[in-house]
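Report on the structure given below.
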Amino acid sequence: MFQNYKFIFLNILLLSLLSTSMFDCKEKGQRPDFEKELRDPKLVSEIQKDRKILKSEIKESYTLQNSSQSVEEALTKALTEIRDNSNLSDDLLLYSCNPEEIRKVYLPNNLDQNNIAANSKIEDSMYLILLRRAAGISKIRQNLQGNKGPIKVRPFVKPYNVRKLTNINGYIIGEFDLQVGLKTIRIDEIKLIIEHKNQFKVCTYGT
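The numbering of the sequence shown is the working numbering, which starts it at 481 and goes up by one.
Take a look at the structure:
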């Protein structure tokens, strides 16, 4: 059993290091970095093309499937699903944004932000977001493993830390405590909840 936990820990550590380093390892033997993309004329041109694509995809209205009516409800549903479905693929989680929602809702509306996802090629942004998501969800599963009972997220102090992302709102999530039975667990792997017309859904993870 110890070997299994050691293996899981090493995988999480590896994912964390990869996501923090900002490298895209899609091509075997190569690690193009995001800063280089801003210096290479060809890559700059490709980024500009992708930005035009994203801008053209911005919509006035979105329907977020399996959304919640509050930040706390969105967190509770997402965390409960992650804990209770240890063998479920990240892409099949109902209460966390799937790759299609990240690509079609989050990325276009994030376009004007000063972050890596807004200043990289679409494929590079998606790679990094999904890499961080895998690491974050794995860490959450590890923290919640063996803790049974209803998950209760304590109400957040208001006002929320909200960032306007074009036609959606981004609720910045830092560390927070949740109650599982008599145990208090601290979570800091959920980074952003998106909201549109009172539809709340956990969007991005990290470590």
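From the three backbone atoms N, C-alpha and C, an ideal C-beta is built for every residue, glycine too.
For residue i, count neighbouring C-beta atoms within 10 Å of its own C-beta (all shown protein chains included) and say buried if the count is 16 or more, exposed if not.
{"i": "Ser618", "result": "buried"}
{"i": "Pro521", "result": "exposed"}
{"i": "Glu707", "result": "Past the boundaries of the shown model lies residue 707; the chain is included only from 481 to 687, so the question cannot be answered."}
{"i": "Lys628", "result": "exposed"}
{"i": "Ile609", "result": "buried"}
{"i": "Lys677", "result": "exposed"}
{"i": "Ile631", "result": "buried"}
{"i": "Ile674", "result": "buried"}
{"i": "Arg634", "result": "exposed"}
Would you give the residue range spanned by the alpha helix (DSSP H) that residue i belongs to?
{"i": "Gly616", "result": "Ile602 to Leu624"}
{"i": "Ile665", "result": "Not the alpha helix (DSSP H): Ile665 falls in the beta strand (DSSP E), residues Lys663 to Ile667."}
{"i": "Val660", "result": "Per DSSP, Val660 belongs to no alpha helix (DSSP H); it is in the beta strand (DSSP E), Phe656 to Val660."}
{"i": "Val551", "result": "Val551 to Asp564"}
What do you reckon, are the CB atoms on residue i and residue j nearer than 8 Å?
{"i": "Tyr685", "j": "Gly616", "result": "yes"}
{"i": "Gly654", "j": "Leu672", "result": "no"}
{"i": "Ala597", "j": "Asn590", "result": "yes"}
{"i": "Glu552", "j": "Tyr575", "result": "no"}
{"i": "Thr646", "j": "Glu669", "result": "no"}
{"i": "Leu555", "j": "Val682", "result": "yes"}
State the start and end residues of the unbroken beta strand (DSSP E) segment that holds residue i.
{"i": "Leu544", "result": "Looking at the DSSP string, Leu544 is not in any beta strand (DSSP E), and its letter there is neither H nor E."}
{"i": "Glu537", "result": "Here Glu537 belongs to no beta strand (DSSP E), and DSSP marks it neither H nor E."}
{"i": "Lys632", "result": "Ile631 to Val633"}
For residue i, which residues of its own chain have a beta-carbon under 6 Å away from its beta-carbon, when the five flanking residues on both sides are left out?
{"i": "Arg563", "result": "Leu624"}
{"i": "Val660", "result": "Asn627, Gly629 and Ile631"}
{"i": "Val642", "result": "Asn649 and Tyr651"}
Can you list, in chain order, the residues of its chain whose CB lies under 7 Å from that of residue i, leaving out five sequence neighbours each side?
{"i": "Lys584", "result": "Glu537"}
{"i": "Lys549", "result": "At residue 549 the sequence reads Gln, which differs from the Lys that was named. Closer than 7 Å at the Cβ level, and outside the excluded window around Gln549, lie Asn678 and Phe680."}
{"i": "Arg666", "result": "Glu655 and Asp657"}
{"i": "Ser547", "result": "Gln679, Phe680 and Lys681"}
{"i": "Thr664", "result": "Asp657"}
Does any heavy atom of the ligand ATP sit closer than 7 Å to the C-beta of residue i?
{"i": "Val633", "result": "Ligands displayed in this structure: none; no statement on the ligand ATP is therefore possible."}
Excluding the 5 residues preceding and the 5 following residue i in the sequence, name in chain order all residues of the same chain whose CB lies nearer than 8 Å to its CB.
{"i": "Met606", "result": "Pro579, Ile582, Arg583 and Leu587"}
{"i": "Ile533", "result": "Ile602"}
{"i": "Arg621", "result": "Ile562, Arg563 and Ser566"}
Among all the DSSP beta bridges, which residues are the ones paired with residue i?
{"i": "Asn649", "result": "Lys644 and Glu675"}
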